[in-house]
Amino acid sequence: MRILKLKREENFLPDLDRLRTLVNEKTKVICINNPNNPTGALMPEETLRGIVGIARRVGAYVICDEVYRFLTQEEGYPESIADLYEKGIAVGSMSKVFSLAGLRLGWIATRSREAMREILLHRDYDTISCGMIDEALATVALEAKEAIIARNRAIVRENLTILDEWIAKEPRFSYVKPQCGTTALLYCDVDMPSEEFCARLLAETGAFLTPGSCFDEEHCFRIGYACSKEELKEGLAKLSEFVKGLA
Numbered sequence: 001m002r003i004l005k006l007k008r009e010e011n012f013l014p015d016l017d018r019l020r021t022l023v024n025e026k027t028k029v030i031c032i033n034n035p036n037n038p039t040g041a042l043m044p045e046e047t048l049r050g051i052v053g054i055a056r057r058v059g060a061y062v063i064c065d066e067v068y069r070f071l072t073q074e075e076g077y078p079e080s081i082a083d084l085y086e087k088g089i090a091v092g093s094m095s096k097v098f099s100l101a102g103l104r105l106g107w108i109a110t111r112s113r114e115a116m117r118e119i120l121l122h123r124d125y126d127t128i129s130c131g132m133i134d135e136a137l138a139t140v141a142l143e144a145k146e147a148i149i150a151r152n153r154a155i156v157r158e159n160l161t162i163l164d165e166w167i168a169k170e171p172r173f174s175y176v177k178p179q180c181g182t183t184a185l186l187y188c189d190v191d192m193p194s195e196e197f198c199a200r201l202l203a204e205t206g207a208f209l210t211p212g213s214c215f216d217e218e219h220c221f222r223i224g225y226a227c228s229k230e231e232l233k234e235g236l237a238k239l240s241e242f243v244k245g246l247a
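Going by UniProt numbering, 57 is the number at position 57 of the sequence shown; the sequence numbering is gapless.
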């Protein structure tokens with residue numbers, strides 16, 4: 001397995017030249033997620049098509065986690081890898097866009113009959129079927145897809161504005177502003193391991209962030225902003241006070 005590390009200075013978008021050096025005739029699958037978690041970076045169609053070209057050259061599949069796909073900050077949605085590539089495999093879920101994580105229900109879409117045959121064999125082996133109640137509730141949500149997406153997009157757009165305004169007032173924090181999704185990666189100039197920072201923040205204030213060490217990155221933390229605006233403002237205020245106390 002080879003990993004292409006996304007860089008902050010490149011807005012957490014993949015460098016296709018570096019990707020080409022990692023792909024060879026032995027490559028079977030290229031795995032990506034778009035939008036990206038935790039950064040909220042969104043690959044433009046040009047980049048996705050570039051990845052498809054690299055994969056097609058060696059006959060590799062492209063698996064794309066698209067669970068945040070519809071929660072964009074701008075109008076419109078990114079193209080699905082299943083639409084762009086005959087060997088593209090798109091993964092979706094009710095958990096993020098529809099706020100129905102408790103259903104534990106998702107889907108896989110691909111035009112590759114060979115891949116789908118293998119996927120169905122594994123599904124029959126380890127899942128067999130989902131709960132009927134879960135499927136019934138998911139059907140209701142999908143029938144109201146446009147209304148639910150519009151509601152949830154409004155929430156994340158307003159909350160990202162709140163987060164962006166907070167960042168502008170906090171000299172010790174910075175980030176690459178998300179383009180999609182519900183999470184951001186906040187950088188802080190505090191000289192403390194991210195896991196220790198988050199553990200102390202939780203113990204002393206009750207506010208919770210995910211340590212950057214979970215993503216092999218230090219001096220940063222993942223924040224989720226798909227909550228109520230009141231909760232977000234309260235959490236950011238606690239974070240501000242906590243960092244001031246470390247000075």
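Cβ coordinates follow ideal geometry from the N, Cα and C atoms, glycine included.
- The residues V91, G92 and S93, in chain order, have a CB closer than 8 angstroms to that of W107 in the same chain once the five nearest residues on each side in sequence are set aside.
- A41 and S112 have their C-alpha atoms spaced approximately 27 angstroms apart.
- Comparing C-alpha distances from G53 to each of N36, L71 and L19 shows the shortest one belongs to L19.
- CA-CA distance, G245 to W166, rounds to 18 angstroms.
- Within the stretch 35-107, the complete alpha helix (DSSP H) segments of 4 residues or longer fall at 45-58 and 81-84, listed in chain order.
- K96 is the residue among V58, G50 and K96 whose C-alpha sits nearest the C-alpha of R69.
- According to the DSSP secondary-structure assignment, C188 is paired through a beta bridge with F173.
- With 16 or more other Cβ atoms from the protein chains shown falling within 10 Å of its own Cβ, E66 counts as buried.
- Judged by their CB atoms, F242 and T205 are nearer to each other than the 8 angstroms cut-off.
- Look at A141 here: in three-state DSSP terms it is helix.
- DSSP places V29 in the uninterrupted beta strand (DSSP E) bounded by V29 to N33.
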